[in-house]
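Numbering (this note's numbering), first residue to last: 1 to 425.
Yeah, the Cβ is synthetic: ideal placement off N, Cα and C, and Gly gets one too.
Every value quoted in this text rests on a predicted model; they were computed, and no experiment measured them.
Quick notes on the structure that follows.
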């Protein structure tokens, strides 16, 4: 028997007292490593090794605790920089399906374990394939036989290898049939959720909200601060990103994707016709600048020129749609990220619509979208150009829309536009 401070005979780099001796004491056999049974015949060497390790683990009087500890060890090995890190999904792969489903799953069920299982079932079709499952199998087998693994790591890997050996390679992919993969995927989802929470909390504090007590919808006070002090919110985002640059990179990719969807007219129905006209008339020309001059734009001044009722109604509508679980997941995901973008960079959101080539509109009468698109394509506007559209809205009882067009006409004449509805704080 080796002494406590000699290298462990199992092949790990740890000393015997910390490896097999410690494991044997935890398993109820003090003073000696667990006896090695002969490997089963008729299987490959890796499977045989995994079977022997699994049998040793099963002999423990604390089997459930040991298996649970093994799952924690496996999860740690899956973290960035760990021996299983090459199996992780890229954030570009993981984030889109997770964001598409996570909020709806959260509202559907309260139990955390059930939430994780359901989220895996929803995301797995986008994240798994026969090739991906096979890749997990091969890498787990390779790492199991890698020199230097601790005994606890080898136990965890052995259980995972045996699970993958029986795991279906083809869909349907469910947590019941793919438990090891579900455990690892949800570990990475937890990392993403924690990153997102840190950013959301930073923005919430910048808006004067307590993250511990704030409601899921934006308060009137926070809404006003978004519209009146966007630079304060952006500074909070920058500070949060200093601790997690990757988070800002991921958010930036989503922001660019969302802005491109607006510019190319590939969005859900978001705006009414007069709202799109307000954004176009007020913002399109000032935002026709070179990218290097973007910092010179007076964000607050431009937002102030936009009709208050238009800004508030659009923001409230997007926020409500982001919580509408009856909408298709793709639309709900779009509204979720649109809501985040408005909170952080409202001018970018409204400005994208000002420069958009098209926009799916919420129509109130047949042909309204075509009429608005014709007006939106103009380079210059006169108050008289909008009069037929205003009369159409008035004739159909769309009084709020008609009043907004009237205020836009006053702006075009250089008059002081009559005040719209004031946001109550």
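| Item | Value |
| --- | --- |
| Measuring CB to CB, does residue 396 end up less than 8 Å from residue 364? | yes |
| With residue 160 as the anchor, note down where its alpha helix (DSSP H) starts and where it stops. | 151 to 166 |
| Output the distance between the C-alpha atoms of residue 384 and residue 378, rounded to the nearest integer angstrom. | 13 Å |
| Flag this pair as yes or no: are the beta carbons of residue 314 and residue 230 separated by less than 8 Å? | no |
| Going by the DSSP bridge assignment, what does residue 271 pair with across the sheet? | 361 |
| Between the C-alpha atoms of residue 46 and residue 164, what's the straight-line distance to the nearest angstrom? | 12 Å |
| My output table needs one value for residue 128: the three-state DSSP class, helix, strand or coil. | coil |
| Along the chain, where does the alpha helix (DSSP H) that runs through residue 388 open and close? | 387 to 395 |
| Note down the Cα distance separating residue 204 from residue 346, rounded to an integer number of angstroms. | 15 Å |
| Take residue 122 and list the residues in its own chain whose beta-carbon comes closer than 6 Å to its own, dropping the five residues that flank it on each side. | 101 |
| Report yes if the C-beta distance between residue 159 and residue 54 is below 8 Å; otherwise report no. | yes |
| What did DSSP end up calling residue 68 once you bin it into helix, strand or coil? | helix |
| Please list the segments of the alpha helix (DSSP H) lying wholly inside the segment 300 to 381, counting only runs of 4 or more residues, in order along the chain. | 308 to 322, 329 to 344, 346 to 355 and 368 to 376 |
| Distance, Cα to Cα, residue 94 vs residue 279? | 34 Å |
| Quick check: the segment 320 to 339 against the segment 83 to 91, are at least 3 beta-carbon pairs closer than 8 Å? | no |
| Check whether the Cβ of residue 125 lies closer than 7 Å to any heavy atom of the ligand FMN, and answer yes or no. | Of the ligands one can find in the structure shown there are none, so the ligand FMN has no counterpart to examine. |
| When DSSP labels each residue in this structure, what does residue 145 get in the three-state scheme? | coil |
| Can you give me the C-alpha to C-alpha distance between residue 409 and residue 386, rounded to a whole angstrom? | 7 Å |
| Compare the beta carbon distance of residue 339 and residue 318 with 8 Å and say whether it is the shorter of the two. | yes |
| Specify the secondary structure class of residue 173 as computed by DSSP and reduced to three states. | coil |
| Quick test of the definition: if touching needs 3 or more C-beta pairs under 8 Å, does the segment 138 to 158 touch the segment 69 to 82? | yes |
| Quick one: measure Cβ to Cβ for residue 104 and residue 332, integer angstroms, because I've assumed they're closer than 8 Å. | 7 Å |
| Could you pull out every residue in the same chain whose Cβ sits closer than 7 Å to the Cβ of residue 140, ignoring the five residues on either side in sequence? | 157, 160, 161 and 164 |
| What first and last residue would you give for the alpha helix (DSSP H) that runs through residue 197? | 179 to 206 |
| For residue 380 and residue 412, what's the separation of their Cα atoms in angstroms? | 10 Å |
| Measuring only the C-alpha atoms, how far is residue 305 from residue 198? | 33 Å |
| Return the CA-CA distance between residue 330 and residue 61, expressed in angstroms with no decimal places. | 49 Å |
| Residue 400 to residue 335, Cα distance in whole Å? | 24 Å |
| Can you grab the Cα-Cα spacing for the pair residue 407 / residue 285, in whole Å? | 19 Å |
| Using only the alpha-carbon positions, how far apart do residue 263 and residue 371 sit? | 19 Å |
| Can you tell me which of 125, 200 and 283 puts its alpha carbon nearest to the alpha carbon of residue 233? | 200 |
| Specify, as a first and last residue, the run of the alpha helix (DSSP H) that residue 92 falls within. | 91 to 108 |
| Quick check: the Cα distance between residue 355 and residue 261, rounded to an integer number of angstroms? | 12 Å |
| Could you check whether residue 283 and residue 350 sit closer than 8 Å to each other, using their CB atoms as the reference points? | yes |
| Determine, using beta carbons only, whether residue 375 and residue 277 come nearer to each other than 8 Å. | yes |
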